[in-house]
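Residue numbers (mature numbering (1 follows the signal peptide of the UniProt record, and there is no 0)): -23 to -1, 1 to 449. In this text, a Cβ means the ideal position worked out from N, Cα and C, and glycines have one as well. Predicted model only: the values in this text are computed from it and were never measured.
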């Protein structure tokens, strides 16, 4: 596996910046060198280390790997929250979760928040989306919705057609930004052919229980990864068929980690570390590698930059175009993380900061047990947690992995270079105290800037919509 990739009142609307209130004025675009189209293919709950280009050994992913071989591969791209609604809201708004409002899963973005659907048309781009439709509400996210890819992320089947995106991309000569939002590899892992994979030959992820049950589960997960790779191939073929492949920057994103303990719904590396690949022959050298630190909030500023627009200071993210095109080795100093567990389980707020080598994680209510209602349900659709618990009855390592998932210390500190799965907590070691103090100060500064009230954010909420929205 590639070691780099696995590697008490609610927040008030008063904390929303001007951007979220839609106050930013239109900024004229500077004259760009080129105006390429942009296609963003995003997976759903992907363990990015399973991809061939990131060192995966269980499956060949030729279509995704093609983007790495013909473009650039990033090793330090992070989700600021390992849940679909918050992280996709960050991708579409360029704001951190506390600023855009979707700082809990299935929580609506603040009304009036400005999104990619306003920013990119200001610089001459059409914006469309096909597939998964998180987040909401629709009054904020005004995409051209394109048919063809499965929308509901828990669907048991995920057929797709590229006819819709073919027509939409060919509709005008104006440049476009298209999001292709797959539902693979989101649970319940019932799509594809698990028979392609031999359970006895599976390499179980380093932070997972290794048991016959887990190996069988992995075959189902990998079957959906095969389906994802096929989708990527179909999108690339469609671009080639309409003569737009080489005039399009094609991004591939892994979103957050899978519904395994230690993946989705955590701030551990397998949960927040995400694939980021991009192909564009005119500006990206084939086979390029980048250790630049990037977050999903940086995508919108980068799209605006690519389109020739001026920087937008109201956004939290920063453009990484120079790193994308090989003109810089860096993009940002730190990546930040936020987790609010409600409504996915009992409140369990977590915050984190990473610098590419080290990760600091603060569990704000360590006296509580962690619980996630989907993963840890007795009749869980994937069977992962029940399989782990059965293995823990006779396997010492399985018992340890189950216990560390439920019972967590106040402070965790990891060396990603030596421990990419983040299994060995160094927070108590004397030699790291200065680095921990430095990173903690930066994390607390960021929280203050965000209006992040910590544990006070992880509370019940409602998504009461205005009458006009409720009719949609």
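Option nearest residue 244 by Cα separation, candidates 130, 351, 312 | On the chain shown, position 267 is the one that residue 244 refers to. Ranking 130, 351, 312 by Cα distance to residue 244 puts 312 first.
Would you mind reading off the limits of the beta strand (DSSP E) that contains residue 316?
-> Position 339 of the chain shown, counted from the first residue, corresponds to residue 316. Looking at the DSSP string, the run of the beta strand (DSSP E) that includes residue 316 is 312 to 316.
Might you give, ordered along the chain, the residues of its own chain that have their beta carbon closer than 7 Å to the beta carbon of residue 462, omitting 5 neighbours on each side?
-> Residue 462 lies beyond the residue range present for the chain, which begins at -23 and ends at 449; the question has no answer from this structure.
Length of the line joining the Cα atoms of residue 431 and residue 151 | In the chain shown, counting from the first residue as 1, residue 431 sits at position 454. In the chain shown, counting from the first residue as 1, residue 151 sits at position 174. So the two alpha carbons sit approximately 44 Å from each other.
Are any of the Cβ atoms in chain B nearer than 9 Å to that of residue 386?
-> Within the model displayed, chain B is absent; a lone protein chain is all it includes.
Which residues in the same chain have their Cβ closer than 7 Å to the Cβ of residue 170, if we skip the five residues on either side of it in sequence?
-> Along the chain shown, read from residue 1 onward, the residue named residue 170 stands at position 193. 200, listed in sequence order.
One or two residues paired with residue 390 in a DSSP bridge | The sequence position of residue 390 within the chain shown is 413, counting from 1. Note: residue 390 sits in a beta bridge opposite 337.
Look at the alpha carbon of residue 90 and the alpha carbon of residue 77, and state the distance between them as a whole number of angstroms.
-> Position 113 of the chain shown holds residue 90. Position 100 of the chain shown holds residue 77. In a straight line, the C-alpha of residue 90 is about 7 Å away from that of residue 77.
Count the CB pairs spanning the segment 384 to 398 and the segment 279 to 289 that are closer than 8 Å, and state whether there are at least three.
-> no
Span of the beta strand (DSSP E) holding residue 252?
-> For the purposes of this step, residue 252 is taken as residue 275 along the chain shown, with counting starting at 1. Its beta strand (DSSP E) spans residues 250 to 256.
3 or more residues per run - each beta strand (DSSP E) lying fully within the segment 215 to 275 | Within the segment 215 to 275, the complete beta strand (DSSP E) runs of at least 3 residues are 225 to 230, 250 to 256, 265 to 272.
Rounded straight-line distance, which links the Cα of residue 292 to that of residue 275 | Walking along the chain shown from the start, residue 275 turns up at place 298. Walking along the chain shown from the start, residue 292 turns up at place 315. Going by C-alpha positions, residue 275 is about 9 Å away from residue 292.
Euclidean distance between Cα positions of residue 334 and residue 38 | Reading the chain shown from its first residue, position 357 is the one you call residue 334. Reading the chain shown from its first residue, position 61 is the one you call residue 38. One alpha carbon belongs to residue 334, the other to residue 38, and they sit about 27 Å apart.
If you compare alpha carbons, which of 81, 63, 161 is closest to residue 19?
-> As a working note, residue 19 is residue 42 in the chain shown. With distances taken between Cα atoms, residue 19 lies closest to 161.
Looking at the structure shown, is residue 439 part of a helix, part of a strand, or coil, going by DSSP?
-> Numbered from 1 along the chain shown, position 462 holds the residue referred to as residue 439. It is coil, neither helix nor strand.
Quick check: the segment 254 to 266 against the segment 47 to 66, are there 3 or more CB pairs under 8 Å?
-> yes
Out of 149, 123, 329, which has the shortest C-alpha to C-alpha gap to residue 138?
-> Start at 1 with the first residue of the chain shown, and residue 138 comes out as number 161. Comparing Cα-Cα distances from residue 138 to each of 149, 123, 329, the minimum goes to 123.
May I ask you to report which of helix, strand or coil DSSP gives residue 105?
-> What you label residue 105 is simply residue 128 of the chain shown in a count that begins at 1. The answer is strand: DSSP assigns residue 105 an E or B state.
Range of the contiguous alpha helix (DSSP H) that encloses residue 12 | For this step, residue 12 is matched to residue 35 along the chain shown. Bounds of any alpha helix (DSSP H) do not take in residue 12, whose DSSP letter is neither H nor E.
Buried versus exposed, by CB contacts within 10 Å (16 or more), residue 384 | Against the chain shown, residue 384 aligns to sequence position 407. Counting C-beta atoms within 10 angstroms of its own C-beta, residue 384 has fewer than 16 neighbours from the protein chains shown and is therefore classed as exposed.
Residue 120, enclosing beta strand (DSSP E) - first and last residue | For this step, residue 120 is matched to residue 143 along the chain shown. Careful: residue 120 lies outside any beta strand (DSSP E) and carries neither H nor E.
What's the C-alpha gap between residue 183 and residue 375?
-> Sequence index remark: in the chain shown, residue 183 carries index 206 (1-based). Sequence index remark: in the chain shown, residue 375 carries index 398 (1-based). Between residue 183 and residue 375, the C-alpha separation is close to 12 Å.
Using 8 Å as the Cβ pair cut-off and three pairs as the minimum, do the segment 285 to 299 and the segment 332 to 347 touch?
-> These segments do not touch.
Would you identify the three-state DSSP class for residue 277, choosing helix, strand or coil?
-> On the chain shown, position 300 is the one that residue 277 refers to. Three-state DSSP puts residue 277 in a helix.
If we call anything under 9 Å between Cβ atoms a contact, is residue 188 one with residue 367?
-> Position 211 of the chain shown, counted from the first residue, corresponds to residue 188. Position 390 of the chain shown, counted from the first residue, corresponds to residue 367. Yes, the Cβ-Cβ distance between residue 188 and residue 367 is below 9 Å.
What's the C-alpha gap between residue 140 and residue 94?
-> Along the chain shown, read from residue 1 onward, the residue named residue 140 stands at position 163. Along the chain shown, read from residue 1 onward, the residue named residue 94 stands at position 117. About 22 Å.
Which of helix, strand or coil does DSSP assign to residue 158?
-> Locating residue 158 in the chain shown gives position 181, where the first residue counts as 1. The three-state secondary structure of residue 158, taken from DSSP, is strand.
Alpha-carbon spacing of residue 103 relative to residue 70, whole angstroms = Taking the chain shown and counting its residues from 1, one reaches residue 103 at position 126. Taking the chain shown and counting its residues from 1, one reaches residue 70 at position 93. Their backbone Cα atoms lie some 16 Å apart in a straight line.
Thinking residue 118 and residue 434 are a contact (beta carbons under 8 Å), I'd like their distance in whole angstroms, please.
-> Mapped onto the chain shown, residue 118 falls at position 141. Mapped onto the chain shown, residue 434 falls at position 457. That pair is no contact at about 22 Å.
Bridge partner(s) assigned by DSSP for residue 53 | Here residue 53 refers to the residue found at position 76 when the chain shown is read from its first residue. BP columns for residue 53 point to 270.
Specify the secondary structure class of residue -1 as computed by DSSP and reduced to three states.
-> Within the chain shown, the letter at position 23 stands for residue -1. A caution first: residue -1 carries a pLDDT of 38, below 50, which makes its placement in the model unreliable, though a value can still be read off. In this structure, residue -1 counts as coil in the three-state DSSP scheme.
Residue 17 bridges to which residues according to DSSP?
-> The residue you call residue 17 lines up with position 40 of the chain shown. According to DSSP, which records beta bridges pairwise, residue 17 is partnered with 156, 228.
Status (buried if at least 16 other CB within 10 Å, exposed otherwise) for residue 441 | One-based indexing of the chain shown puts residue 441 at position 464. It counts as exposed.
Three-state secondary structure assigned by DSSP to residue 434 | For this step, residue 434 is matched to residue 457 along the chain shown. Residue 434 falls in the helix class under three-state DSSP.
Roughly how many whole angstroms lie between the Cα atoms of residue 107 and residue 348?
-> In the chain shown, the residue the question calls residue 107 occupies position 130. In the chain shown, the residue the question calls residue 348 occupies position 371. Roughly 33 Å between the two C-alpha positions.
Sequence-distant residues of its chain with Cβ nearer than 7 Å to residue -10 (five each side left out) = As a working mapping, residue -10 is identified with position 14 in the chain shown. Confidence at residue -10 is low in this model, with a pLDDT of 32, below 50, so its placement is unreliable and the value that follows should be read with caution. Around residue -10: no qualifying Cβ.
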